[in-house]
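Structure first, then comments.
Residue numbers (the numbering used here): 39 to 173.
Here you go:
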């Protein structure tokens with residue numbers, strides 16, 4: 039089964055019903071039908087949470103956290119061996135990325151997964167990880 043990593047950009051587009059929301063919904067539906075496995079870095083989860091809390095409310099952030107928990111997405115933490123954190127640090131030092139984006143890319147590399155995003159910051163990483171570009 040193929041694997042995909044969702045960047046926070048993709049889930050925010052989904053939650054805010056932006057133009058890419060339909061594509062994200064299809065990816066989630068495919069995961070429900072076991073077409074692929076979906077992952078989300080805990081750092082990206084936190085980015086979605088704080089973004090919603092800051093722009094809407096704590097209650098809205100909690101509601102989105104519950105929605106994510108009910109979606110076919112495995113949220114992956116940093117881990118005690120720090121392998122994921124080390125790769126994220128390498129990406130952060132080598133490219134112009136936010137720390138959360140560096141974690142999404144590191145998770146995609148670790149899982150040998152396709153990164154799902156529409157964030158142009160990832161353009162520089164196309165030789166490092168496979169990217170499914172959303173519009």
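Glycine included, every Cβ here is placed at the ideal spot set by N, Cα and C.
1. Which residue or residues does DSSP assign as beta-bridge partners of residue 79?
2. Could you give the DSSP three-state label for residue 136: helix, strand or coil?
3. When you compare the region 75-86 with the region 45-58, are there three or more beta-carbon pairs, one atom per stretch, that lie closer than 8 Å?
4. Any chance the region 112-121 sits against the region 53-71, with 3 or more Cβ pairs inside 8 Å?
5. Between the alpha carbons of residue 168 and residue 152, how many angstroms are there, rounded?
6. Give a yes or no on contact between the region 152-162 and the region 134-141, applying the rule of three or more CB pairs nearer than 8 Å.
7. What did DSSP end up calling residue 42 once you bin it into helix, strand or coil?
8. Under 7 Å from any heavy atom of the ligand ZN, does the C-beta of residue 150 make it?
9. Would you mind reading off the limits of the alpha helix (DSSP H) that contains residue 100?
10. How close, in whole Å, do the beta carbons of residue 86 and residue 145 come, if the pair is a contact with beta carbons under 8 Å?
Reading off the structure:
1. 114
2. coil
3. yes
4. no
5. 5 Å
6. yes
7. strand
8. Annotation note on the ligand ZN: not contained in the displayed structure, which lists no ligands.
9. 96-108
10. In fact, because the Cβ distance is near 15 Å, the residues do not count as touching under 8 Å.
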